[in-house]
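Chemist: Could you have a look at this structure, given as structure tokens, before my questions?
Number of protein chains: 2
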Amino acid sequence: MRVLGVDPGLTRCGLAIVDEAPGRKVILKSVMVFRTPATDALADRLLQLDNALKEIIKEYKPDVVAVEQVFSQHNLKSVMGTAQAAGLAMVNGARSGCQVFTYTPTQVKASVTGSGKADKRQIGRMIAKICGLSSPPEPADASDAVALAICHLWRGGADEKIRKRAVS
Amino acid sequence: MRVLGVDPGLTRCGLAIVDEAPGRKVILKSVMVFRTPATDALADRLLQLDNALKEIIKEYKPDVVAVEQVFSQHNLKSVMGTAQAAGLAMVNGARSGCQVFTYTPTQVKASVTGSGKADKRQIGRMIAKICGLSSPPEPADASDAVALAICHLWRGGADEKIRKRAVS
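Just so you know, the protein sequences line up as chains A and B, in that order.
So that you can map any letter, position 144 of the first sequence is 315 in our numbering, and since no number is skipped, the others follow by simple counting.
So that you can map any letter, position 135 of the second sequence is 306 in our numbering, and since no number is skipped, the others follow by simple counting.
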């Protein structure tokens, strides 16, 4: 299974392609942070991000798009752009036949570090460890996108096992 | 000039096509409210709205998309969906080569009724009067979408005049 993890944002949008490997291992295929200039018109910024999402989905053909759930309580100033970026990730996933999942920051942190209260540095270190990198993907949005994809693979795997056990 | 007015929302999205006519007159070509079921997954609802936007832009080929500006202060519960719906309207407009504008509710109300504090009923009545309808388009989201398009035509016209005067 291949997952596109998206840490949504207009100024910086983290995008990571992660493949499942046997034994809770993962293979990081690609990670990037897509940026749009704050000086551009909002519609143009959204279009640039939409193009980037279309491109990465076309190139890597993920099975799943895992997007961080945006809360209106957080960071009121940038929440609209973040919500719109998340919306574009979801639409592009759905249009390409991917399954689309959202995860809360707490779910992502808990999956990757074992603690829902982990800080950015902790997440970065764990991502580096899990993916066999010498240092965490930078900036934090890149690590967060990888964490989202891993969160889906690990939680999704667990859910799947529970379902199978319940059925058999 | 042809304007697509969008009163963004996931549960109800007002969409109106309005043409400019001489003498501050307008011709209402089409108005609808597009709905998505609250029981559907968010990604599916966004995709349904995205499809509806693509369809109306393809059919009516507007020159401008005028979208209500979403504020994070208002209606915290539904603001994320509203912001995402607005984002889709902007992206589809930009992708089709339309000019994209946003207007605040106060600007829209002031343009159409002369008062930035007008209520829904007042807006509906003015829309009916301006468009020569026997009754306001229902529900209020439909009237609001028409009001957005008219706001652009009337404000845009004024801005244009000011620019021309300044240049000449």
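Beta carbons: idealized from backbone N, C-alpha and C, even for Gly.
Applying a beta-carbon distance threshold of less than 8 Å, which residues of chain B neighbour A:Arg-266?
Modeler: Within 8 Å Cβ-Cβ: Leu-218, Asp-221.
Chemist: Would B:Val-197 and B:Ala-316 qualify as a contact pair, given that the criterion is a beta-carbon distance under 8 Å?
Modeler: No, the pair does not count as a contact, with Cβ atoms beyond the cut-off.
Chemist: Suppose the cutoff is 8 Å on Cβ atoms and the five residues either side in sequence are ignored; what does the same chain contact list for A:Thr-182 look like?
Modeler: Correct list, in chain order: Arg-206, Thr-207, Ala-209, Ser-249, Gly-252.
Chemist: Do the segment 263-283 of chain A and the segment 224-242 of chain A touch if we need at least three Cβ pairs shorter than 8 Å?
Modeler: Short answer: they touch.
Chemist: Using a Cβ-Cβ cutoff of 8 Å, what residues of the segment 257-281 of chain A are near chain B? List them in chain order.
Modeler: Hits within the stretch, in order: Ala-257, Gly-258, Leu-259, Met-261, Val-262, Gly-264, Ala-265, Arg-266, Val-271, Thr-273.
Chemist: With a CB to CB cut of under 7 Å and the five nearest residues on each side skipped, what residues in its chain are close to B:Thr-275?
Modeler: Here the set comprises Gln-240.
Chemist: State the DSSP-derived secondary structure class of A:Lys-291, mapped to helix, strand or coil.
Modeler: Helix, per DSSP.
Chemist: Along the beta strand (DSSP E) that carries B:Leu-343, what are the first and last residues, could you check?
Modeler: Within the shown structure, residues of chain B are numbered from 172 to 339, placing residue 343 of chain B beyond reach of any answer.
Chemist: Would you decide whether A:Val-338 is buried or exposed? Buried here means 16 or more other CB atoms lie within 10 Å of its CB.
Modeler: Its pLDDT being 45, under 50, A:Val-338 is placed unreliably in this model, and the value from its coordinates should be taken loosely. That one is exposed.
Chemist: Looking at the unbroken alpha helix (DSSP H) that takes in A:Leu-218, where does it start and where does it end?
Modeler: Counting along the chain, the alpha helix (DSSP H) containing A:Leu-218 begins and ends at 213-231.
Chemist: Give the residues of chain B in contact with A:Asp-215, contact being defined as C-beta atoms less than 7 Å apart.
Modeler: Near A:Asp-215 (Cβ distances below 7 Å), the residues of chain B are Ala-265.
Chemist: By Cβ distance below 7 Å, which residues in the same chain neighbour A:Lys-291 in space, the five residues on each side in sequence not counted?
Modeler: Around A:Lys-291: Ala-311.
Chemist: Just the C-alpha distance for B:Ile-294 and B:Ala-265, rounded to the nearest angstrom, thanks.
Modeler: Approximately 28 Å between the Cα atoms of the pair.
Chemist: Kindly provide the ranges of any beta strand (DSSP E) runs that are 3 or more residues long and lie completely inside the segment 260-311 of chain B, ordered along the chain.
Modeler: Fully enclosed beta strand (DSSP E) runs of 3 or longer: 270-274.
Chemist: Using the Cβ count rule (16 or more neighbours within 10 Å means buried), how would you classify A:Ala-192?
Modeler: With fewer than 16 Cβ atoms within 10 Å of its Cβ, A:Ala-192 is classed as exposed.
Chemist: Please list, in chain order, all residues of the same chain as B:Leu-304 whose beta carbon is under 8 Å from its beta carbon, the five residues on each side excluded.
Modeler: These residues qualify, in order along the chain: Leu-199, Ile-298.
Chemist: With distances taken between CB atoms, is the gap from A:Gln-255 to B:Ala-254 smaller than 8 Å?
Modeler: For A:Gln-255 and B:Ala-254, yes; Cβs fall inside 8 Å.
Chemist: Assuming B:Val-262 contacts B:Ala-318 (C-beta within less than 8 Å), just tell me the rounded distance between them.
Modeler: Not a contact, Cβ separation roughly 22 Å.
Chemist: Between B:Leu-259 and B:Leu-217, which are expected to be in contact by the criterion C-beta below 8 Å, what is the C-beta distance as a whole number of angstroms?
Modeler: B:Leu-259 to B:Leu-217, Cβ: 7 Å. Contact.
Chemist: So the beta strand (DSSP E) A:Ser-201 belongs to, where does it begin and stop?
Modeler: Start and end: 196-206.
Chemist: Mapping the DSSP letters down to three states, classify B:Ala-237 as helix, strand or coil.
Modeler: In the structure shown, B:Ala-237 sits in a strand (DSSP, three-state: E or B).
Chemist: Using the C-alpha atoms, what's the distance from A:Thr-277 back to A:Ile-301?
Modeler: When rounded, the distance between both Cα atoms is 18 Å.
Chemist: Going by DSSP, which residues form a beta bridge with A:Leu-175?
Modeler: DSSP lists A:Ile-188, A:Val-236 as partners of A:Leu-175.
Chemist: Return the residue from the list A:Ile-228, A:Pro-179, A:Ser-314, A:Arg-173 that minimises the CA-CA distance to A:Ala-257.
Modeler: Nearest of A:Ile-228, A:Pro-179, A:Ser-314, A:Arg-173 to A:Ala-257, Cα basis: A:Pro-179.
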